[in-house]
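Quick note on numbering that gives the first Met the number 0: the sequence shown kicks off at 0 and runs consecutively. Every residue gets a Cβ at the ideal spot worked out from N, C-alpha and C, and that includes glycine.
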Amino acid sequence: MINETLGIIGGTGWLGGAIANALLATALVPAANLVISNRSGSHPLADQGVCLVTDNQALVARSDVVIIAVRPEQFSGLGIDATGKVIVSLMAGVTAQAIATQTSASAVVRAMPNAAVEIRQSFTPWFCSGAVDAPTRDLVQRLFESVGTAAQVQEEGFIDYLSALSGTGPAFPALLMTALANQAMAAGLPADIAHLAARNVVVNSSQLLQNHEAQEMIEALVAYRGVTAAALQSMIDSRFEEHLGRALQAGAAVARQGLHG
């Protein structure tokens, strides 16, 4: 159990709310040690014993660690003084230096969860800037493990790149599933069959990767020289990986530019 008081600015939004609910459901944080701010000052989380405030500075004053779960463009309007506090930012494209400068926080952790926090299957990379002691790093790791898996990275730039990779959550699988269904319908298959087949490939069959190495599976299927091999080879020949690389670089460039470009 985490004994420190955690404050979540934006704790009733989709991301902050998912984290708050996970912390309570896993009993990682006692409800009395969780402070959440929103404009209305009311939310069902209050019925579970969570402290709800309307003033962000009041949240900071009550909290040992402050989590900022708002959209990047909302950051400049927060106007909080977090002197002596640790801030955990979930905002893409806002540098640790920019956060420290505006808030006077003693240390900043940048983290990038994704939409899978909703089902506690997010991968959350995080980066420490400033003097973050071992107990606080352990707190951050356990915090994000409550919504999936997490790992500390040693360079802030990795967070920007991972914003475009793991931070996109279901975006790339959703695009793949839509493309598979559309191509099946273009080939004449009924829409219901096309969507069922595409969903099976992306959602169901991909679960095999939990117990198999992806590259080994690709090599085995290509070596078999069957239908699957032909489809895979066509994608490889069309420079699929290079196209994906450009997509990731485009996303990372936006994250790097952020609010300081």
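Alpha-carbon to alpha-carbon, residue j and residue i
{"i": "Ile-35", "j": "Pro-169", "result": "27 Å"}
{"i": "Thr-82", "j": "Ala-163", "result": "31 Å"}
{"i": "Thr-135", "j": "Arg-38", "result": "29 Å"}
{"i": "Asp-159", "j": "Gly-92", "result": "7 Å"}
{"i": "Leu-44", "j": "Ala-222", "result": "54 Å"}
{"i": "Gly-76", "j": "Gln-101", "result": "10 Å"}
{"i": "Ser-204", "j": "Gln-214", "result": "16 Å"}
{"i": "Gly-40", "j": "Val-253", "result": "34 Å"}
{"i": "Ser-233", "j": "Val-226", "result": "11 Å"}
{"i": "Glu-155", "j": "Thr-4", "result": "26 Å"}
{"i": "Gln-206", "j": "Met-176", "result": "15 Å"}
{"i": "Ala-97", "j": "Asp-137", "result": "24 Å"}
{"i": "Leu-58", "j": "Ala-173", "result": "37 Å"}
{"i": "Pro-71", "j": "Gly-257", "result": "8 Å"}
{"i": "Asn-181", "j": "Thr-53", "result": "46 Å"}
{"i": "Leu-231", "j": "Pro-189", "result": "24 Å"}
Burial state of residue i (16 or more Cβ within 10 Å)
{"i": "Gly-250", "result": "buried"}
{"i": "Ala-95", "result": "buried"}
{"i": "Met-90", "result": "buried"}
{"i": "His-259", "result": "In this prediction, His-259 scores a pLDDT of 47, lower than 50, which makes its location untrustworthy; no coordinate-derived value is stated."}
{"i": "Ser-237", "result": "exposed"}
{"i": "Phe-239", "result": "exposed"}
{"i": "Arg-272", "result": "Outside the displayed span of the chain (0 to 260) sits residue 272, for which this structure offers no information."}
{"i": "Asn-20", "result": "buried"}
{"i": "Ala-186", "result": "exposed"}
{"i": "Gly-6", "result": "buried"}
{"i": "Val-139", "result": "buried"}
{"i": "Leu-161", "result": "buried"}
{"i": "Arg-109", "result": "buried"}
{"i": "Leu-208", "result": "exposed"}
{"i": "Leu-22", "result": "buried"}
{"i": "Val-64", "result": "buried"}
{"i": "Ile-235", "result": "exposed"}
7 Å CB neighbourhood of residue i in its chain, flanking five on each side removed
{"i": "Ala-183", "result": "Ala-193, Ala-196 and Ala-197"}
{"i": "Gly-48", "result": "Ala-30 and Ala-31"}
{"i": "Gly-16", "result": "Gly-10"}
{"i": "Leu-27", "result": "Met-0, Ile-1, Arg-141 and Ser-145"}
{"i": "Val-200", "result": "Leu-179"}
{"i": "Leu-14", "result": "Ala-68, Leu-89, Pro-112 and Val-116"}
{"i": "Asp-46", "result": "none"}
Cβ of residue i within 8 Å of any chain C Cβ
{"i": "Ser-121", "result": "Absent from the structure: chain C. Only one protein chain is present."}
Identified DSSP bridge partners for residue i
{"i": "Ala-149", "result": "Thr-123"}
{"i": "Gly-166", "result": "DSSP, once it has assigned bridges, lists no residue as partnering Gly-166."}
{"i": "Ile-66", "result": "Ile-7 and Val-87"}
{"i": "Ile-18", "result": "Answer by DSSP bridge pairing: none, since Ile-18 is not bridged."}
{"i": "Ser-237", "result": "Partner(s): none; Ser-237 has no beta bridge."}
{"i": "Val-52", "result": "Ser-36"}
Same chain, Cβ closer than 8 Å to residue i, five either side skipped, listed in chain order
{"i": "Cys-50", "result": "Ala-31, Leu-33, Val-34, Ile-35 and Arg-61"}
{"i": "Phe-157", "result": "Pro-124 and Phe-126"}
{"i": "Ala-219", "result": "none"}
{"i": "Gly-78", "result": "Asn-55 and Gln-56"}
{"i": "Gly-147", "result": "Pro-112, Ala-115, Val-116, Arg-119, Gln-120, Ser-121, Phe-122 and Thr-123"}
{"i": "Thr-25", "result": "Ser-145"}
Cutoff 6 Å; reference residue i; Cβ partners in own chain excluding five residues on either side
{"i": "Val-152", "result": "Pro-124 and Phe-126"}
{"i": "Ala-104", "result": "Ala-81, Lys-84 and Ile-86"}
{"i": "Ala-106", "result": "Val-85, Gly-129, Ala-130 and Val-131"}
{"i": "Ala-99", "result": "Val-107"}
{"i": "Ala-150", "result": "Pro-124"}
{"i": "Gly-166", "result": "Met-111 and Asn-113"}
Every unbroken alpha helix (DSSP H) inside the stretch 71-135 [4 residues or more]: 95-102
Every unbroken alpha helix (DSSP H) within the stretch 174-214, with a cutoff of 4 residues, ordered by chain: 190-198
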